[in-house]
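In order, the protein sequence lines correspond to chains H and V. First residue of the first sequence: 0, per numbering that gives the first Met the number 0; consecutive thereafter. First residue of the second sequence: 0, per numbering that gives the first Met the number 0; consecutive thereafter. Structure record follows, encoded as structure tokens.
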Amino acid sequence: MKKITALSALSAAALAIPSYAEVAPEDKELSYRYSSYQEEDAPRERTFQGSLERYQIDVHQLGYRTPIGDSWYLASELQYESMSGASPTQTYKNDEGESVLLMSGASIEEQRIDVKVAPKKYFKDGTAGGLLAYSTENDYESIAVGLDGTLEIFDKHTTLIGSMSFSDDTISPTDPDLDEARSAADGKKKSSFSIYEGVSQVINKYSVLQVGVGYTSLSGYLSDPYKFEDLRPGSREQLTLSANHKQFFSVLDGAALLSNYRYYNDDWGIESHTLDVKWSQQFDISHYRLIVSPLMRYYTQTQADFYSLEQSPPDDQFNSSDSRLSTYGAVTFGFTSEFKFSQWSLHFDWQQYYSREDLALFDASDDEAPALVNFSTFTAGVDYQF
Amino acid sequence: MQIHHHQFTAMASPCKFLLQGEPSLVLNACQQAEKEVQRIEQKFSRYRDDSLLQTINSNAGIRAVEIDAETAGLLNYAQFCHQESDGLFDISSGILRQAWDFKAKKIPPQKTINKLLPLISWPSIKWNEDSIFLPDKGMEIDFGGFGKEYAADRAAEICQQLGIKHGLVDLGGDIRVIGDKEDQSGWAIGIRNPQDPNNAISTIKLHQGALATSGNYERFMKIKDKHYCHILKASTGWPVNHWASISILAPQCLVAGSLATLTMLAEKKGLAWLEEQEVSFLAIDIHGKQYSNL
Chain H
0 MKKITALSAL SAAALAIPSY AEVAPEDKEL SYRYSSYQEE DAPRERTFQG SLERYQIDVH
60 QLGYRTPIGD SWYLASELQY ESMSGASPTQ TYKNDEGESV LLMSGASIEE QRIDVKVAPK
120 KYFKDGTAGG LLAYSTENDY ESIAVGLDGT LEIFDKHTTL IGSMSFSDDT ISPTDPDLDE
180 ARSAADGKKK SSFSIYEGVS QVINKYSVLQ VGVGYTSLSG YLSDPYKFED LRPGSREQLT
240 LSANHKQFFS VLDGAALLSN YRYYNDDWGI ESHTLDVKWS QQFDISHYRL IVSPLMRYYT
300 QTQADFYSLE QSPPDDQFNS SDSRLSTYGA VTFGFTSEFK FSQWSLHFDW QQYYSREDLA
360 LFDASDDEAP ALVNFSTFTA GVDYQF
Chain V
0 MQIHHHQFTA MASPCKFLLQ GEPSLVLNAC QQAEKEVQRI EQKFSRYRDD SLLQTINSNA
60 GIRAVEIDAE TAGLLNYAQF CHQESDGLFD ISSGILRQAW DFKAKKIPPQ KTINKLLPLI
120 SWPSIKWNED SIFLPDKGME IDFGGFGKEY AADRAAEICQ QLGIKHGLVD LGGDIRVIGD
180 KEDQSGWAIG IRNPQDPNNA ISTIKLHQGA LATSGNYERF MKIKDKHYCH ILKASTGWPV
240 NHWASISILA PQCLVAGSLA TLTMLAEKKG LAWLEEQEVS FLAIDIHGKQ YSNL
């Protein structure tokens, strides 16, 4: 038997010193993103009135993250959005059984500003963070506060994650005198409360699993004042169950497969399933690093109980023809990419989204929902660490 | 390929990184690795009021201080050193500095040393992975015995993580190789002559691992031809006086440094103990006689 020498005892003790003590990030980071979101035109053969040109949104996002003292980290973000285009106001079924789409007329031009501040405190076994967010546009104002925390247990192999947030919104539709629904909504409030509990478990050196449950309660004015015949309940309770799995592979210079499944259910009768798959591939080319991640998402939902294509439903009955409350399915294809060199990193992302009635997996119906939209987004950005 | 030299001062020593590679990669590694050395210095410095170590020491006899996993790992390491040296290596022995002033060139009275000895007691320190408590007021711990070596390992690991394949970290003579020179010729390292520390007594080519030296010439005083060095035995409070210098090659700088110090502390018995360790070494005794398996 080999005797235990001081060399082997000390070497073992030296290797046992954890090389990654949880410490707050020490770098400052400045980041900028430009995103363009472009919806496809509404179908001409089904649009009865209004403009075919749907939303085009440009987003500019400026972020700044900095350590404060030894254990605090502050992330802040300023976002400016400008939006133009028309939106669906109603869909109804005509006598031939075809769905007719009404679009808003004059093109809407709107701006929105978001400000977000999120301090985070790093402890020996976890973190505690806060969030303060304010958003304003000419017909909507929102203020949100949140708390979140993580706790690492069992030798940092298990992380408990929790968060909660509260938001308070005020609605003030443009031209309230134009329409009864808009004047009724003017000054109305909407609030939401969300809570999430999750646990992340390191399974082995190459794989991590996170499962979680989330609950959101919305109340107040939840109808859409810009749509006709849109009257929704004054509360909505949403439940989500989710599972994320991350598996690392030593393919080329390193890769990871990220899979995510989410189940959603609310008391409006909507049930949905989302499946995300993303392959992250790393390439090291001399002192540059490129990470390219192709991704795919499938989504399917069933309609809300009060979704209907009736042209003139009774006034006292909950009703909406919003296609986002219909039975449909959607697929997304795209990729994200990141190119890193010294303190810089460049980002370029692109995604294409298609939604259709017949992509629904459950409860598919023959009703057409011509307001279902296809869109593409692309993002270009840069981060600088110093 | 060209070798990039990055020099700075940390832990009261001249420090340098010698790195080969793409310039932007090398510059980034230098920056991050130096930051890591400074982080360790800041956290474990005896001299800085805001260091974790100061907080631990200033709460001696008062309360337990919360520590993180890295500190607990270093305490565990100190525990092994104490055990392996039969108590001669003790991270609470830094208090002897109050008696030994090498600049004043005066041997402290035995009475002064005797007053300090009860405060040197690693076994009486209560610690676990979450906290440490020094039971008596006036007690102190420090990582001076291996902090620089630990920092050299960490700096080298950071460089490796940032893609450096060829390079060397040298923190005041505590050396850790990141990876062999690109042409695989090895990094030439001089071992100081203890009689004449500005000159090398031997030069070795290091391809991997670490080299650390413990010498009696680093801080010392000579009184009536007798050499009193800064390496003090925790049991007696008096300097060791058998070896002039011990140099050790080991995979980690932290381990090389501790083996060197432990050999110095073991004095005459050190050689036999060292031979058991299956490491490469160069030992020079105070008469200049060399023992080596290099």
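Quick reminder that beta carbons are idealized off the backbone N, C-alpha and C, glycines included.
Quick one: what's got a C-beta closer than 6 Å to residue i's C-beta in the same chain, skipping five residues either side?
i: V/Asn192; result: Asn198, Ile200
i: H/Leu73; result: Thr65, Ile67, Pro118
i: H/Thr331; result: Arg296, Gln350, Tyr352
i: H/Leu177; result: none
i: H/Leu159; result: Leu150, Val198
i: H/Asp147; result: Gly128, Ser162
i: V/Ala43; result: Checking the sequence shown, residue 43 of chain V turns out to be Phe, not Ala. Counting only Cβ-Cβ distances below 6 Å, and skipping sequence neighbours, we find Leu52, Phe142, Gly146.
What does the alpha-carbon distance come out to for the pair residue i and residue j?
i: H/Ser427; j: H/Phe122; result: Coverage of chain H is limited to positions 0 through 385, which leaves residue 427 of chain H absent and any answer about it impossible.
i: V/Gln276; j: V/Ala68; result: 28 Å
i: V/Gly162; j: V/Gly178; result: 11 Å
i: V/Ile140; j: V/Gly93; result: 7 Å
i: H/Met0; j: V/Leu293; result: Note on H/Met0: pLDDT 36, under 50, position unreliable in the model; no value is reported.
i: H/Ser70; j: H/Asp124; result: 12 Å
i: H/Leu61; j: H/Asn373; result: 27 Å
Against chain V, does residue i count as a neighbour if the rule is that its beta carbon must be under 7 Å from one of theirs?
i: H/His346; result: no
i: H/Pro17; result: yes
i: H/Thr149; result: no
i: H/Arg4; result: What sits at residue 4 of chain H in the sequence shown is Thr, not Arg. True, the Cβ-Cβ gap to chain V drops below 7 Å.
i: H/Lys27; result: no
i: H/Leu130; result: no
i: H/His272; result: no
i: H/His156; result: no
i: H/Ala12; result: yes
i: H/Ala20; result: Confidence is the limiting factor: at H/Ala20 the pLDDT is only 44, short of 50, which leaves the residue's position unreliable and the question unanswerable from this model.
i: H/Lys123; result: yes
i: H/Ala8; result: yes
i: H/Ser285; result: yes
i: H/Ser341; result: yes
Kindly identify the DSSP beta-bridge partner or partners of residue i.
i: H/Tyr36; result: H/Ile56, H/Thr376
i: H/Tyr165; result: Inspection of the sequence shows that residue 165 of chain H is occupied by Phe rather than by Tyr. In the DSSP output, where bridge partners are listed per residue, H/Phe165 has H/Val144, H/Phe192.
i: H/Ser171; result: Paired residue(s): none; H/Ser171 is not in a bridge.
i: V/Val296; result: Past the boundaries of the shown model lies residue 296 of chain V; chain V is included only from 0 to 293, so the question cannot be answered.
i: H/Asn203; result: H/Ser206
i: H/Pro118; result: H/Leu73
i: V/Ser84; result: According to DSSP, V/Ser84 bridges with nothing at all.
i: V/Asp173; result: V/Leu170
i: H/Leu131; result: H/Val116, H/Val144
i: H/Tyr225; result: Bridge partners of H/Tyr225: none, in fact.
i: H/Phe47; result: According to DSSP, which records beta bridges pairwise, H/Phe47 is partnered with nothing at all.
i: H/Tyr327; result: H/Gln300
i: V/Ile245; result: V/Ser213, V/Ala282
With 7 Å as the threshold, decide whether the Cβ of residue i is near any Cβ in chain H.
i: V/Gln109; result: no
i: V/Gly178; result: no
i: V/Glu69; result: yes
i: V/His206; result: no
i: V/Val64; result: no
i: V/Leu270; result: no
i: V/Tyr76; result: yes
i: V/Val239; result: no
i: V/Leu253; result: yes
i: V/Gly72; result: yes
By Cβ distance, which residues of its chain are closer than 7 Å to residue i, with the 5 residues on each side in sequence left out?
i: V/Arg175; result: Ala151, Asp152, Ala155, Val168, Ala209, Cys252
i: H/Ala20; result: Because the pLDDT of H/Ala20 is 44, which lies under 50, any placement of that residue in the model is unreliable, and the question is left without a value.
i: H/Asp357; result: Ala363
i: H/Gly233; result: Ser218, Gly219, Leu221
Would you say residue i reaches chain B, if we count a Cβ-Cβ gap shorter than 7 Å as a contact?
i: V/Val168; result: The question asks about chain B, but that chain is absent: this structure's protein chains are H and V.
With a CB to CB cut of under 8 Å and the five nearest residues on each side skipped, what residues in its chain are close to residue i?
i: V/Ile188; result: Ile174, Thr202, Ile203, Lys204, Leu205, Leu210
Check: For the 8 Å Cβ check, are there 3 or more pairs between the region 286-300 of chain H and the region 328-338 of chain H?
Finding: yes
Notebook entry, point to check: Below 8 Å, can you find three or more Cβ-Cβ pairs linking the region 115-124 of chain V to the region 6-20 of chain V?
Noted result: no
Notebook entry, point to check: Contact between the region 29-39 of chain V and the region 150-159 of chain V: three or more CB pairs below 8 Å?
Noted result: yes
Item checked: the region 69-83 of chain H / the region 98-116 of chain H touching (three or more Cβ pairs under 8 Å) -> yes
Notebook entry, point to check: Are there three or more Cβ pairs, one per stretch, closer than 8 Å when the region 272-286 of chain V is compared with the region 238-246 of chain V?
Noted result: yes
Next item on the list: Could you tell me whether the region 256-275 of chain H touches the region 234-244 of chain H, using the rule of 3 or more Cβ pairs below 8 Å?
Entry: yes
Check: Counting Cβ pairs, one atom from each stretch, are 3 or more of them under 8 Å apart for the region 214-222 of chain V and the region 67-83 of chain V?
Finding: no
Item checked: Stretch pair the region 371-383 of chain H + the region 30-39 of chain H: three plus CB contacts closer than 8 Å -> yes
Item checked: Segment contact flag, the region 183-194 of chain H with the region 218-225 of chain H, C-beta cutoff 8 Å, min 3 pairs -> yes
Checklist line | contact_flag[the region 0-8 of chain V, the region 38-55 of chain H] where n(CB pairs < 8 Å) is 3 or more | finding: no
Next item on the list: Could you say if the region 95-114 of chain V and the region 231-239 of chain V meet the contact criterion of at least three C-beta pairs nearer than 8 Å?
Entry: yes
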